[in-house]
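**Student:** One structure, pasted below without further comment.
In the working numbering, the protein residues as written are -11 to 231.
So this is what it looks like as structure tokens:
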């Protein structure tokens, strides 16, 4: 049997939301404004950690955050895609610049029909709760350590490096994403692999703005707009592999 690894970004790939923005949009518009003011001067993961501390100090509890995360809509096509991949014997991982708590809670929620059990690994920034119900978020790669990637990756996470650590034991790799930080992992894929790129987001702007970027992807590049299109791509890929 062909060994398949399916890796996906999370925000605006598996869900149609930015989980970081969603929490502050709903729970503290004031801190959401502060986020916009500071995001150009403070590293993103560090900023989330700072603002989550202020959110807790304002009286927002752990239960409030978990309940809110459970409200994020989860497209049934994504659930069907997970089922299709697992039925084909594939492994599913999430590679994201969000954090373990957000992703875990969203996938475990009723809205997602407990899709968490389909996902074997969350490759993201660690999130932990303290006894006061404050969420702590840390960089996956913290200074002085670096991931050494010269590409357009954020300081705390090179998705390409993370993919390279996991790809060697698989025959076929699928990677789905929407953002600029999903470009690097797509360049690590081989000619028999598949890059599932979402239109309408920063990844498309990057690739369409310079032919050099598209030429950097050796994998089969498949575009999609909505979750049902990504599902159709995955179903087509797996059907061909089966034959």
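Quick reminder that beta carbons are idealized off the backbone N, C-alpha and C, glycines included. The model shown is predicted, which means the values in this text are computed figures rather than measured ones.
According to DSSP, is residue 0 part of a helix, a strand, or is it coil?
**Tutor:** Three-state DSSP puts residue 0 in coil, outside helix and strand.
**Student:** Tell me whether residue -5 sits in a helix, a strand or coil according to DSSP, three-state version.
**Tutor:** Note: residue -5 maps to strand in three-state DSSP.
**Student:** Keeping to the same chain, check which residues put their C-beta closer than 6 Å to that of residue 20; ignore five residues upstream and five downstream.
**Tutor:** Closer than 6 Å at the Cβ level, and outside the excluded window around residue 20, lie 12 and 13.
**Student:** By a C-beta neighbour count over all protein chains shown, 10 Å radius and 16 as the cutoff for buried, is residue 120 buried or exposed?
**Tutor:** Answer is exposed; the Cβ neighbour count stays below 16.
**Student:** Do residue 95 and residue 103 have their C-beta atoms closer together than 7 Å?
**Tutor:** For residue 95 and residue 103, yes; Cβs fall inside 7 Å.
**Student:** Looking only at DSSP bridge pairs, what is residue 116 linked to?
**Tutor:** Note: residue 116 sits in a beta bridge opposite 124.
**Student:** Between which two residues does the alpha helix (DSSP H) containing residue 171 stretch?
**Tutor:** Residue 171 -> alpha helix (DSSP H) spans 171 to 175.
**Student:** By Cβ distance below 7 Å, which residues in the same chain neighbour residue 219 in space, the five residues on each side in sequence not counted?
**Tutor:** Cβ neighbours of residue 219 beyond the five flanking positions: 65, 68 and 69.
**Student:** Quick one: residues in its chain with C-beta nearer than 8 Å to the C-beta of residue 48, no 5 flanking neighbours on either side, listed in chain order?
**Tutor:** So the list reads 15 and 16, once near-sequence residues are dropped.
**Student:** Considering Cα atoms alone, identify which of 10, 128 and 58 is closest to residue 40.
**Tutor:** Looking at the Cα atoms, 10 is the closest of the given residues.
**Student:** Quick check: what's the CA-CA separation for residue 161 versus residue 2?
**Tutor:** Near 17 Å, if we compare the C-alpha coordinates of residue 2 and residue 161.
**Student:** Which residues in the same chain have their Cβ closer than 7 Å to the Cβ of residue 52, if we skip the five residues on either side of it in sequence?
**Tutor:** Contacts found: 15.
**Student:** Leaving out the 5 sequence neighbours to the left and right, which residues in its chain are closer than 6 Å to residue 128 when beta-carbon positions are compared?
**Tutor:** So the qualifying residues of the chain are 113, 144 and 145.
**Student:** As an exercise, report each continuous alpha helix (DSSP H) stretch of at least 4 residues that is fully enclosed by the stretch 40 to 108, in chain order.
**Tutor:** Entirely contained in the stretch 40 to 108, the alpha helix (DSSP H) runs reaching 4 residues are, in chain order, 50 to 57, 64 to 75 and 88 to 96.
**Student:** If we ignore side chains and look at the alpha-carbon of each, how far apart do residue 181 and residue 206 end up?
**Tutor:** Between residue 181 and residue 206, the C-alpha separation is close to 8 Å.
**Student:** Could you tell me whether the Cβ atoms of residue 80 and residue -6 are closer together than 7 Å?
**Tutor:** It is a contact, given that the beta carbons lie within the stated cut-off.
**Student:** What first and last residue would you give for the alpha helix (DSSP H) that runs through residue 222?
**Tutor:** Residue 222 -> alpha helix (DSSP H) spans 215 to 230.
**Student:** How many angstroms separate the CA atom of residue 149 from the CA atom of residue 99?
**Tutor:** Looking at the two C-alpha atoms, the distance is approximately 32 Å.
**Student:** Does the beta-carbon of residue 173 have 16 or more other beta-carbons within 10 angstroms, so that it is buried, or is it exposed?
**Tutor:** Flag for residue 173 reads buried.
**Student:** Kindly indicate the opening and closing residues of the beta strand (DSSP E) around residue 165.
**Tutor:** Counting along the chain, the beta strand (DSSP E) containing residue 165 begins and ends at 160 to 165.
**Student:** Residue range of the beta strand (DSSP E) that residue 154 falls in?
**Tutor:** Run containing residue 154: none in the beta strand (DSSP E); it sits in the alpha helix (DSSP H), 147 to 155.
**Student:** Verify the CB distance criterion: does residue 12 have a CB-CB separation below 7 Å to chain B?
**Tutor:** Although the question refers to chain B, the structure presented lacks it and comprises just one protein chain.
**Student:** What do you reckon, are the CB atoms on residue 216 and residue 189 nearer than 7 Å?
**Tutor:** No, the pair does not count as a contact, with Cβ atoms beyond the cut-off.
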